[in-house]
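Colleague: Residue numbers (full-length UniProt numbering): 1 to 254. Where is the CB? At the ideal position from N, CA and C, for every residue including glycine. As the structure is a prediction and not an experimental result, all values here were calculated from the model.
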Ligand SMILES: Nc1ncnc2c1ncn2[C@@H]1O[C@H](COP(=O)(O)OP(=O)(O)OP(=O)(O)O)[C@@H](O)[C@H]1O
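(1) Taking 7 Å as the cut-off, does the CB of residue 170 come closer than this to any heavy atom belonging to ligand 1?
(2) For ligand 3, any of its heavy atoms closer than 7 Å to the Cβ of residue 220?
(3) Compute the Euclidean distance between the alpha carbons of residue 180 and residue 83, then round it to the nearest angstrom.
(4) Are the segment 119 to 130 and the segment 55 to 64 touching by the rule of at least three beta carbon pairs closer than 8 Å?
(5) Could you tell me the alpha carbon to alpha carbon distance between residue 95 and residue 224, rounded to whole angstroms?
(6) How about residue 208 and residue 40: are their beta carbons less than 8 Å apart?
(7) What is the rounded straight-line gap between the Cα of residue 25 and the Cα of residue 228?
(8) Examine ligand 1 and report whether any of its heavy atoms sits within less than 7 Å of the Cβ of residue 201.
(9) Distance, Cα to Cα, residue 31 vs residue 23?
(10) May I ask you to check if the CB of residue 148 is nearer than 7 Å to at least one heavy atom of ligand 1?
(11) Along the chain, where does the alpha helix (DSSP H) that runs through residue 150 open and close?
Below, the structure is given as structure tokens:
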């Protein structure tokens, strides 16, 4: 069980001192409990704080206040590495590329083994069928979709208790999204992985057991997709008509 207790994240406005009253609150007094083995989708408008929330759980961002409890232990002050050892793993929206490093290198580190059979078993789980792919260099020549598959494989190779994926569909073609959702659902079921996906994609929202809608750094809604739909519909219509002086019924979608 992963419990967020009144967590907040504030940053100084650029140019302001660290204790400035102009501090900006990105996540505000947010509490939520992620049940083991469930699938969660975190969604909400751009800039609402979804990635920040995911990074707070991983320890990439430091909490300003509040605490995070994982399986009964307070992990609020643990480093990323320590949280990773405890079983929490993060897949980045824009994974890093490492010139001179191959997919095999990254996967061996993640899996803790360079045993060929083990690596083949992992890449087949993520739908990479070609063995040649293992020896691809993880550099700028990879396509956006290829690097995301590599990132996904390295998360899965760690057999995480909690897997956090930040917009895993970035750069992925429409035909690959369905299999990707199936893969994450399969990992959730087979390994009882608590799965947290930050996404705007309907396929992930539909796959989730629970959807968290983040609005201005708080949970605006948590529950099933059916309950969220009216709110999502509402959020998709522009609320700046008065400012832009567009026609009242222009219904400018963003
Ligand atoms: N370390 C930081 N310092 C200053 N501002 C930050 C920091 N991290 C995030 N922000 C700001 O906080 C806000 C929320 O960012 P975040 O990336 O969490 O949004 P998001 O909901 O994931 O958005 P998107 O859907 O566009 O990916 C943004 O305005 C962002 O610029």
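Modeller: Taking the coordinates as given:
(1) Within the chain shown, residue 170 is the residue found at index 170, counting from 1. For residue 170, the CB stays at least 7 Å from every heavy atom of ligand 1.
(2) This structure simply doesn't include ligand 3; it includes ligand 1 instead.
(3) As a first step, residue 180 must be located in the chain shown, where it is residue number 180. As a first step, residue 83 must be located in the chain shown, where it is residue number 83. So the two alpha carbons sit approximately 25 Å from each other.
(4) These segments do not touch.
(5) Position 95 of the chain shown, counted from the first residue, corresponds to residue 95. Position 224 of the chain shown, counted from the first residue, corresponds to residue 224. Distance between the alpha carbons of residue 95 and residue 224 is about 30 Å.
(6) Looking up residue 208 in the chain shown gives position 208. Looking up residue 40 in the chain shown gives position 40. With contacts defined as CB atoms closer than 8 Å, residue 208 and residue 40 qualify as a contacting pair.
(7) Stepping through the chain shown from its first residue, residue 25 is reached at position 25. Stepping through the chain shown from its first residue, residue 228 is reached at position 228. Approximately 25 Å between the Cα atoms of the pair.
(8) As a first step, residue 201 must be located in the chain shown, where it is residue number 201. False, no ligand heavy atom lies under 7 Å from that Cβ.
(9) Looking up residue 31 in the chain shown gives position 31. Looking up residue 23 in the chain shown gives position 23. Each residue's Cα considered, the two are about 21 Å apart.
(10) Along the chain shown, one-based indexing puts residue 148 at 148. Result no, Cβ not under 7 Å from ligand 1.
(11) If you number the chain shown from 1, residue 150 lands on position 150. Run containing residue 150: 144 to 157, per the alpha helix (DSSP H) assignment.
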